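Participant:
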Amino acid sequence: MLNWQSSPLTGIGFLGMVIGGVLILGLILGIVTYLIYFERKIIGWMQLRIGPNRVGPFGLMQSIADVLKLLIKEDIVPENADRSLFLLAPIIAFVPSFMVLALIPFTATHVFTSNTQVGLLLYLALSSITILGIVLGGWASNNKYSLLGGMRSAAQMVSYEIPLGMSVIGVVLLTGSLNLNTIVVAQSRHIWYIIPQIVGFIIFMIAGLAELNRTPFDLPEAESELVAGYFTEYSGFRFAFFMLTEYVYVFALCALATTLFLGGWSGPFLPSWIWFAIKTSACIFFIFWVRATMPRIRGDQLMGFAWKVLIPVALANLIVTAGVALL
Amino acid sequence: MAEESYLARFLDTCRYGGIRLYANAFIFLLVFLVLAIALPIGALAVLGPLLRPSKPSKAKNATYESGLEPIGDARSRYNVRYYLFALMFVIFDVEIIFLYPWAVSYHTLGVFGYVEMMIFVVLLLIGLMYAWRKKVLEWM
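Protein chains in written order, with the working numbering: chain H, 5 to 331; chain Z, 213 to 352.
Structure follows, in structure tokens:
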């Protein structure tokens, strides 16, 4: 049933795929719920506060209560909004964020991993569709803050997508494959790519933070000037889907960083999925830590940083990597 | 060693199993697509209306503008810089698309591939320098 990857597709094999998809969906909803909880808790501790502690023991039920509250909240569609696009935008933003999870090798048994030869390319291609959902949401709201937030988001995300795409070419070059499974196997046989590709890893994490619209690159949703940016007009569960998209991408990007640079599921003694969970959690913790530490950067610094610093450095890294690989 | 050979066969499904086996990967992706569409539609269009109230009013449906009456339409003109960045993005994104297949087959291409790609990269770098000098990359 679960060996659909190594045998031609049958009805039972298809059932296995659907079960796998539903399992990953359930898993990701659980992960996102507790990501939000841990983010609030960790930032609370870093700022000498307690964080959520009222709902359930240690506040563990806080995120679930928040989701239920959003579910029973009225769904307001502004009169001036472009109704159909307004309703569609959160779905367009969410769909690719979940699809990219099909490509990530979570364990050594590869049960729920799409074994395509173009996995990395598909990840980057799918994740850029989300920008469309965000711009549509901002535009359809017919709100000045939303429009500005959406435009800023688009400009920022397309600018930082280029260093993000360039930083992983070094990994592709060393492995000779875009298949994420092959990349992990190559690392488990030789060396984690964070060592030969440390510059690539740093650029990947910086550009990744900007892609996720997270501090210090959270200009598109700057609360103090744009009132949450592109989703100002969204309420209830549509707002929840934008938040869900954001946190699914936090997980997906950390999973991708683990896969590309930190050896994926490979590691001694422990089962592979535990290694994957440890490395991904470390990455996610880093992102939360940055949010607790860094201030928001200025708008004019943002674009300049992508084009004048990250892209030249990423290109230099690529040229050096290719040169060394030639020797 | 059995695990090793399984892994090798798994990674080479395309060669061993032909296109039919390779298509499984994309069918799995399609399952994810369907699930990803089903979840928001289920939550927003099926489950949502049963749970949430719907009492629209004129004030509630007005566009938010810091508590004041909204002035004019939001879809007015905005900064041309966004357009310039979009143009730059298209150029460099295409460059990345060319770099990927080059990186995959780099070991077979050798010195020839290195020199050819350097010419391409330098051409684009000249473009970036030009944009830099013309102050396209400054925000204000």
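All C-beta atoms in this analysis are idealised placements derived from N, C-alpha and C, irrespective of residue type, glycine included.
For clarity, every value in this text was computed on a predicted model and none was experimentally measured.
Is the separation between the beta-carbon of H/CYS287 and that of H/THR263 shorter than 8 Å?
Facilitator: In this structure, H/THR263 does not lie closer than 8 Å to H/CYS287 by Cβ.
Participant: Determine whether the Cβ of H/ILE16 lies closer than 8 Å to any Cβ atom of chain Z.
Facilitator: No, because no Cβ of chain Z sits closer than 8 Å to the Cβ of H/ILE16.
Participant: Give me the residue from H/THR37, H/SER192, H/GLU43, H/ILE35 with the minimum Cα distance to H/THR297.
Facilitator: It is H/GLU43 whose Cα lies nearest to the Cα of H/THR297.
Participant: If you measure beta-carbon to beta-carbon, which residues of the segment 288–300 of chain Z are closer than 9 Å to chain H?
Facilitator: Of all residues in the segment 288–300 of chain Z, SER288, TYR290, ASN291, ARG293, TYR294, PHE297, ALA298, MET300 have a Cβ within less than 9 Å of some Cβ in chain H.
Participant: Tell me, please, whether the CB atom of Z/ARG264 is closer than 8 Å to any CB atom in chain H?
Facilitator: With 8 Å as the cut-off, Z/ARG264 counts as an interface residue toward chain H.
Participant: So, is Z/ARG341 buried or exposed, given that buried needs 16 or more other C-beta atoms within 10 angstroms?
Facilitator: According to the sequence displayed, residue 341 of chain Z carries Met and not Arg. Exposed, since its Cβ has fewer than 16 Cβ neighbours within 10 Å.
Participant: Roughly how many whole angstroms lie between the Cα atoms of H/PHE208 and H/PRO167?
Facilitator: Their Cα atoms are separated by approximately 7 Å.
Participant: Against H/ILE166, what residues of chain Z qualify as contacts under a CB-to-CB distance less than 9 Å, listed in chain order?
Facilitator: Within chain Z, the residues near H/ILE166 are MET300, PHE301, PHE304, ASP305, GLU307, ILE308.
Participant: Out of H/SER101, H/VAL175, H/SER67, which one is the CA nearest neighbour of H/ILE199?
Facilitator: That would be H/VAL175, whose Cα lies nearest to the Cα of H/ILE199.
Participant: Just the C-alpha distance for Z/ALA286 and H/TYR238, rounded to the nearest angstrom, thanks.
Facilitator: Each residue's alpha carbon lies about 16 Å from the other.
Participant: Within 10 Å of its beta-carbon, does H/ARG156 have 16 or more other beta-carbons around it, so buried, or fewer, so exposed?
Facilitator: So H/ARG156 ends up on the buried side.
Participant: Can you round the beta-carbon distance between H/GLY153 and H/ALA93 to whole angstroms, since I take them to be within the 8 Å contact cut?
Facilitator: Rounded, the Cβ-Cβ distance is 13 Å, inconsistent with contact.
Participant: Using three-state DSSP, classify Z/MET213 as helix, strand or coil.
Facilitator: At Z/MET213 the pLDDT is 45, less than 50, meaning the model places this residue with poor confidence and gives no usable figure here.
Participant: Would you call the segment 179–195 of chain H and the segment 120–135 of chain H touching, i.e. three or more CB-CB distances under 8 Å?
Facilitator: With a cut-off of 8 Å, the segment 120–135 of chain H and the segment 179–195 of chain H count as touching, because enough Cβ pairs lie within range.
Participant: Any idea what DSSP makes of H/ASP70, helix, strand or coil?
Facilitator: Helix.
Participant: Any contact of the segment 270–280 of chain Z with the segment 47–59 of chain H, i.e. 3+ C-beta pairs under 8 Å?
Facilitator: These segments do not touch.
Participant: I want to see whether chain H comes within less than 8 Å of Z/GLU281, judged by CB atoms only; does it?
Facilitator: Z/GLU281 does not count as touching chain H.
Participant: Going straight from the alpha carbon of H/MET307 to that of H/PRO224, what length do you get?
Facilitator: Going from the Cα of H/MET307 to the Cα of H/PRO224 covers about 13 Å.
Participant: Could you check which residue in Z/ALA298, Z/GLY279, Z/ILE253 has the C-alpha nearest to that of Z/ALA271?
Facilitator: Cα-wise, what sits closest to Z/ALA271 is Z/GLY279.
Participant: Quick one: what does DSSP say H/THR236 is sitting in, helix, strand or coil?
Facilitator: Reduced to three states, the DSSP call for H/THR236 is coil.
Participant: With the cut-off set at 8 Å, would you say H/MET161 and H/ILE135 are in Cβ contact?
Facilitator: It is a contact, given that the beta carbons lie within the stated cut-off.
Participant: Compare the C-alpha of H/SER118 against each of H/ASN183, H/PRO100, H/LEU72, H/ASN84 and name the closest.
Facilitator: Comparing Cα positions, the closest option is H/ASN183.
Participant: Report the neighbours of H/ASN84 on chain A: residues whose CB is nearer than 9 Å to its CB, in chain order.
Facilitator: Of the chains in the structure shown, none is chain A; the protein chains are H and Z.
Participant: Which residues in the same chain have their Cβ closer than 8 Å to the Cβ of H/GLY48, if we skip the five residues on either side of it in sequence?
Facilitator: These residues qualify, in order along the chain: ILE54, GLY55, PRO56.
Participant: Apart from the five residues just before and just after H/VAL252, which ones in its own chain have a Cβ nearer than 8 Å to its Cβ?
Facilitator: Excluding sequence neighbours, H/VAL252 sits near ILE32, VAL36, PHE98, SER101, PHE102, LEU105.
Participant: Hey, does Z/LEU233 have any beta-carbon neighbour from chain H nearer than 8 Å?
Facilitator: Interface residue, yes.
Participant: Identify the continuous alpha helix (DSSP H) that holds H/ALA129 and give its terminal residues.
Facilitator: It spans 123–131 - the alpha helix (DSSP H) in which H/ALA129 sits, taken as one unbroken run.
Participant: So, using beta-carbon positions, are H/CYS258 and H/THR219 closer together than 8 Å?
Facilitator: The answer is no: Cβ separation not under 8 Å.
Participant: Measuring straight from C-alpha to C-alpha, what distance separates Z/ALA329 and H/LYS312?
Facilitator: Reading off the sequence, residue 329 of chain Z comes out as Met, not Ala. Looking at the two C-alpha atoms, the distance is approximately 21 Å.
Participant: Mapping DSSP to helix, strand and coil, what is H/GLY267?
Facilitator: In the structure shown, H/GLY267 sits in coil (DSSP, three-state: anything other than H, G, I, E or B).
Participant: In this structure, does DSSP put Z/HIS319 in helix, strand or coil?
Facilitator: Of the three classes helix, strand and coil, the one that applies to Z/HIS319 here is helix, per DSSP.
Participant: Helix, strand or coil: how does DSSP classify Z/LEU245 here?
Facilitator: Of the three classes helix, strand and coil, the one that applies to Z/LEU245 here is helix, per DSSP.
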